[in-house]
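**Student:** Protein chains in written order, with the numbering used here: chain A, 1 to 480; chain B, 1001 to 1480.
This structure is in structure tokens; I'll ask about it shortly.
There are 2 protein chains.
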Amino acid sequence: MKRYQEAKWTNAMALSLDYNYAMADFVGAEHGLGAEELEALTPRMQELDQDLKSRRQRGELAFYELPYRQETIAEVKKLSKPLLEWFWDFIVLGIGGSALGARALHQALCHPQYNLLALARRHHKPRLLVADNIDPDALYGMLDAVDLRRTVFNVISKSGSTAETLSQFLFVYGMLKGRLGVDKARERVVLTTDPEQGNLRRLAQSEGFRSLTIPPQVGGRFSILSTVGMFPAEMVGIDLDELLAGARFMDVRLKEGEFKHNLAYRLAALYYLFYTCKNRPIQVLMPYASTLTGVSEWFCQLWAESLGKKFDLQGQVVNVGPTPVRALGATDQHSQLQLYMEGPHDKLITFLEVENFQHLLTIPSLFPELEGLSYLGDHTLNDLIKAEKTATAFNLMRNGRPNLTIRIPEINAFTIGQLLFLFEVTTVCLGGLLGVDPLDQPGVEGGKHTTYGLMGRPGFEEYRQTLENAPAPQERYQII
Amino acid sequence: MKRYQEAKWTNAMALSLDYNYAMADFVGAEHGLGAEELEALTPRMQELDQDLKSRRQRGELAFYELPYRQETIAEVKKLSKPLLEWFWDFIVLGIGGSALGARALHQALCHPQYNLLALARRHHKPRLLVADNIDPDALYGMLDAVDLRRTVFNVISKSGSTAETLSQFLFVYGMLKGRLGVDKARERVVLTTDPEQGNLRRLAQSEGFRSLTIPPQVGGRFSILSTVGMFPAEMVGIDLDELLAGARFMDVRLKEGEFKHNLAYRLAALYYLFYTCKNRPIQVLMPYASTLTGVSEWFCQLWAESLGKKFDLQGQVVNVGPTPVRALGATDQHSQLQLYMEGPHDKLITFLEVENFQHLLTIPSLFPELEGLSYLGDHTLNDLIKAEKTATAFNLMRNGRPNLTIRIPEINAFTIGQLLFLFEVTTVCLGGLLGVDPLDQPGVEGGKHTTYGLMGRPGFEEYRQTLENAPAPQERYQII
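And the structure:
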């Protein structure tokens, strides 16, 4: 494997941005931005830049420092080593930010059918499964498909109080104890949680479970480069050094590069202007690479939970937030593209384009008598996917549909590290432009409290009562 | 397996709809519908009903008849039988409607980790993989993970001219020929295509490939209950009779039931009113069941491609179409819910709720000293997922966020048959209300032509020229 930390590789592996097709020069004045509109935002971006820098210095934006924490790698590698000698399956029990990071890294950076490969072809690393729901059939099915003696469970919850994850953990641990006894059960569990607080930390201390620490200031959706994402990644053989090196490379680029060439600020400015001035509430992320599906899912959480807010920082009701939608090229040209091309002018599309895939697949010249096939012969699938992306972006532009492209030289740990870090900074920056707090999620508390009430948790009786006292559903609004 | 075709099971397995939380009585007058608004749509729905019935009689809506085509089952079973004796892996080469149906059925109706099970535990049925992209790494990875001698490839393209699918086919067939010789290569290919026309039909005739027929009037996104979805389903052991019986049950219910209790018409009316009168352009489909993820993807294609249109039937520019978004409960409570709860009032959420899962998983009472865990003990995961869905719907409603629930008694072939058919009729019906043609997709032609031009297909030179003659991207709109 090439190591991109070496200086000679670094620039060749840098992400780039092309937003020509978002501009009025191309997409027309009605739907595109003028250069002066972007320019006019510069003073505000500079203020924001100062604000983010001072918040970073005060330690309020802890995710910024994760790429520099070599101790994460050390902690993760130390814990993984003995596990890698015995276990064939690795199951993450987590939800939201505790699940999406592991899945994104696994899909992007391992063999595309990693879990189907025989053990030797996985270099004796375990399969990775992510149990991120409480659907009883899905959980049972997952446990049913593995050998419990050879499976390690990574329970991830920063707070240690996530009902879904704790329920999964209790169920799994009960099953392990019953089948293997308490000692072997304990060996098969790793808790990733706060270093000091919460139920899982207390259990680690009192019951002697193996555990990893999440830096206290890092929230779930910004945790992919902490132990949360890094431990599963190490277990499946992803190069953690390269991943963090990529993130650091992006950080340095954003911090030290010329202000007007700041990728994150430019992206945030584009998203902000299309959302607020161009009335485009939907942000589509459409990689032309199947292996980036998990990265899109991760992005959608980061975006929705960070930016979808009722109140701004002054406490005014704003009910703000672009809706992220994930699509996949070229696949969704046969699904969502018709809508993007002809439907309402309410979307901005961001493509992720991969310059070089690992494999070059040449289409053979067969059946020359069939014109409808023969034109494909001697081209490569690599040409075809590139042509389709070019054609889609171009035709969208010609239909007045603004779009922009982030180019990724190739998919590897170094470029994915860059991409993840770029999206994190862009999100925080867009939060600043929209005037909301990108680090909280007050809107989901109500549902949690009602659930606690329904589950009989002491102290939450009133929430159950609120539900029970509410007007009953009416039969006339049902079809049975 | 219970057979739901028997009369005594049928009503217990019927889907139902609850739209209380979409109504002004619950969600408030600003965000909800009045009963009179729905009522006012009745004359229009009745006209539409007549129109759909006569179009159905004229054979213009061929998908309506698929549940009655016993010959589909016969054709599929006959072809499958010898294949099931030899093949361990089954790979669909298709895109859009040619891929989404197989995946939806497989995820919903097979073991949740079907592909990871050993052959005997799959009842000696093959694994099912769907190659629905031209990403070279994804395709190579898939071929690399199977034994080509034991793999059958199902090439699906109605027209026989889908560039992505033909390219995959040529690559795979070239590889098979090279490794196994032409006779064995031919045996490993099944073409599903038009009975008379197109490249694939001509190849079936001239080269002697096995083939299946798609009824000529059935378009890709309405083809799940044709050979397109049914052949892969048969290969993995799904009960085709039950699937079609479920669809027929829904058809009869929609045709013969009381007009005001027509599920599809009521759903279409709700979607129409929220889209046009309540200014909610985003339609979220959120099953509380991991196994319905594929059904959501299938729905998003059906919805986007059928309804996202530039012109109405009179040729007026309308640029219409709700944007479908798929979410997953309870998982996305930790991802998208914050946005749905507090963001802009631009969404209508449809929940799919499963009444009974196949497994009942009891959470054991462990660690009684930790209050934050102990309240979960002796509940079931089944209780928890139901409580979370109830809590989410209730809190959304209290925040002025309209939502409705389709209840599914349990997930089986009979209920999934109902659900698919219901969504198809609802889509056609909503197309009628919006005044667009739900069966065409003119917006994707431009991109196809440009791709053909870039790939050097004779007759498409002008499209390449248009691209090349267009103004070049400017450096000032790039960050490198």
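Note that the Cβ used here is the ideal one computed from N, Cα and C, for glycine as well.
Going by other Cβ atoms of all chains shown within 10 Å of its Cβ, with 16 needed for buried, is B:C1300 buried or exposed?
**Tutor:** So B:C1300 ends up on the buried side.
**Student:** Here's a check: name, in chain order, each residue in its chain whose Cβ is nearer than 7 Å to the Cβ of B:M1001, leaving out the five neighbours to either side.
**Tutor:** Any reading at B:M1001 must be qualified, since the residue scores a pLDDT of 42, below 50, and its modelled position is unreliable; no value is offered.
**Student:** For B:K1278, which of helix, strand or coil comes out of DSSP?
**Tutor:** B:K1278: coil per DSSP, three-state reduction.
**Student:** For the beta strand (DSSP E) containing B:D1018, list its first residue and its last residue.
**Tutor:** B:D1018 -> beta strand (DSSP E) spans 1016-1018.
**Student:** Quick one: which residues of the stretch 284-315 of chain A get their C-beta closer than 7 Å to a C-beta of chain B? List them in chain order.
**Tutor:** Those would be A289, S290, T291, C300, Q301, A304, E305, G308, K309, K310, in chain order.
**Student:** In three-state terms, what does DSSP make of B:M1001?
**Tutor:** For B:M1001, the pLDDT reaches just 42, beneath the cut-off of 50, and the residue's location in the model is therefore unreliable, although a value from the coordinates is still provided. B:M1001 falls in the coil class under three-state DSSP.
**Student:** Looking at the unbroken alpha helix (DSSP H) that takes in B:I1073, where does it start and where does it end?
**Tutor:** Where B:I1073 is concerned, the enclosing alpha helix (DSSP H) stretches over 1070-1084.
**Student:** Could you check what DSSP says for B:L1422 in three-state terms: helix, strand or coil?
**Tutor:** Residue state, collapsed to three classes: helix.
**Student:** Could you tell me the alpha carbon to alpha carbon distance between A:G372 and B:V1182, rounded to whole angstroms?
**Tutor:** A:G372 and B:V1182: Cα-Cα distance of roughly 22 Å.
**Student:** What are the residues that DSSP puts in a beta bridge with A:Q217?
**Tutor:** The partner list for A:Q217 (beta bridge, DSSP) is empty, contrary to what the question assumes.
**Student:** So the beta strand (DSSP E) B:N1403 belongs to, where does it begin and stop?
**Tutor:** Counting along the chain, the beta strand (DSSP E) containing B:N1403 begins and ends at 1403-1410.
**Student:** Leaving aside the five residues before and after B:T1213 along the sequence, list all residues of the same chain whose C-beta is less than 6 Å from its C-beta, in chain order.
**Tutor:** For B:T1213, where only same-chain residues beyond five positions count, the Cβ hits under 6 Å are P1195.
**Student:** Between which two residues does the beta strand (DSSP E) harbouring B:E1355 extend?
**Tutor:** Note, B:E1355: beta strand (DSSP E), 1347-1356.
**Student:** Within the same chain, show all residues whose beta-carbon is closer than 7 Å to that of A:F481, passing over the 5 residues directly before and after it, in chain order.
**Tutor:** Outside the displayed span of chain A (1 to 480) sits residue 481 of chain A, for which this structure offers no information.
**Student:** Secondary structure at A:N382, three-state DSSP: helix, strand or coil?
**Tutor:** Three-state result, A:N382: helix.
**Student:** Quick check on the burial criterion: 16 or more other C-beta atoms within 10 angstroms. Buried or exposed for B:A1104?
**Tutor:** So B:A1104 ends up on the buried side.
**Student:** Can the beta-carbon of B:V1152 be found closer than 9 Å to that of B:T1165?
**Tutor:** For B:V1152 and B:T1165, no; Cβs fall outside 9 Å.
**Student:** Does the stretch 130-142 of chain A come into contact with the stretch 1274-1292 of chain B, if we say contact requires no fewer than three beta-carbon pairs (one atom in each stretch) closer than 8 Å?
**Tutor:** They touch, by the three-pair rule.
**Student:** With DSSP collapsed to three states, give me the class of A:N469.
**Tutor:** Correct three-state label for A:N469: helix.
**Student:** Within 9 Å (strictly less), CB to CB, does B:T1350 reach chain A?
**Tutor:** Answer no: the Cβ-Cβ gap between B:T1350 and chain A never drops below 9 Å.
**Student:** Just to confirm before moving on: does the CB-CB distance between A:K347 and A:Q283 stay below 9 Å?
**Tutor:** Taking 9 Å as the Cβ cut-off, A:K347 and A:Q283 qualify as a contacting pair.
**Student:** Quick one: is A:M1 near chain B, going by C-beta distance under 9 Å?
**Tutor:** Note that A:M1 scores 43 on pLDDT, short of 50, meaning its location in the model is unreliable and no value can be drawn from it.
**Student:** Quick one: residues in its chain with C-beta nearer than 7 Å to the C-beta of B:T1450, no 5 flanking neighbours on either side, listed in chain order?
**Tutor:** If we look at B:T1450 and ignore the five residues flanking it on each side, its Cβ neighbours are Y1463, L1467.
**Student:** Which word fits A:I408, buried or exposed, when buried means at least 16 other C-beta atoms lie within 10 angstroms of its C-beta?
**Tutor:** Answer is buried; the Cβ neighbour count reaches 16.
**Student:** Any Cβ of chain B within less than 9 Å of the Cβ of A:Y140?
**Tutor:** Chain B contact via Cβ: present.
**Student:** Pull up the distance between the alpha-carbon of A:F414 and that of A:M13, whole angstroms please.
**Tutor:** Answer to the nearest angstrom: the Cα atoms are 8 Å apart.
**Student:** Is B:N1020 close to chain A? Criterion is C-beta to C-beta, closer than 9 Å.
**Tutor:** Yes, B:N1020 lies at the interface with chain A (some Cβ there is under 9 Å from its Cβ).
**Student:** B:Q1301 by DSSP, collapsed to three states: which one?
**Tutor:** If DSSP states are grouped into helix, strand and coil, B:Q1301 belongs with the helices.
**Student:** Tell me the start and end of each unbroken beta strand (DSSP E) in the stretch 111-138 of chain A that is at least 3 residues and wholly inside, in chain order.
**Tutor:** Runs found: 127-131.
**Student:** Counting pairs of Cβ atoms below 8 Å between the stretch 1234-1254 of chain B and the stretch 1071-1081 of chain B, do you hit three or more?
**Tutor:** Flag = yes, the stretch 1234-1254 of chain B and the stretch 1071-1081 of chain B touch.
**Student:** Spell out whether any CB of chain A is found under 9 Å from the CB atom of B:I1214.
**Tutor:** By this cut-off, B:I1214 is not an interface position.
**Student:** Based on DSSP bridge pairs, tell me the residues matched to B:D1491.
**Tutor:** Residue 1491 of chain B cannot be examined here, being either before or after the span of chain B that is shown, 1001 to 1480.
**Student:** Within the chosen definition, does the stretch 1058-1069 of chain B reach the stretch 1116-1133 of chain B through at least 3 CB pairs nearer than 8 Å?
**Tutor:** They do not touch, by the three-pair rule.
**Student:** What's the gap between the Cα of B:G1343 and the Cα of B:G1321?
**Tutor:** Straight-line Cα distance between these residues: approximately 21 Å.
**Student:** My output table needs one value for A:M175: the three-state DSSP class, helix, strand or coil.
**Tutor:** In the structure shown, A:M175 sits in a helix (DSSP, three-state: H, G or I).
**Student:** So, with DSSP's three-state summary, where would you put A:I309?
**Tutor:** Here residue 309 of chain A turns out to be Lys, not Ile, going by the sequence shown. Three-state result, A:K309: strand.
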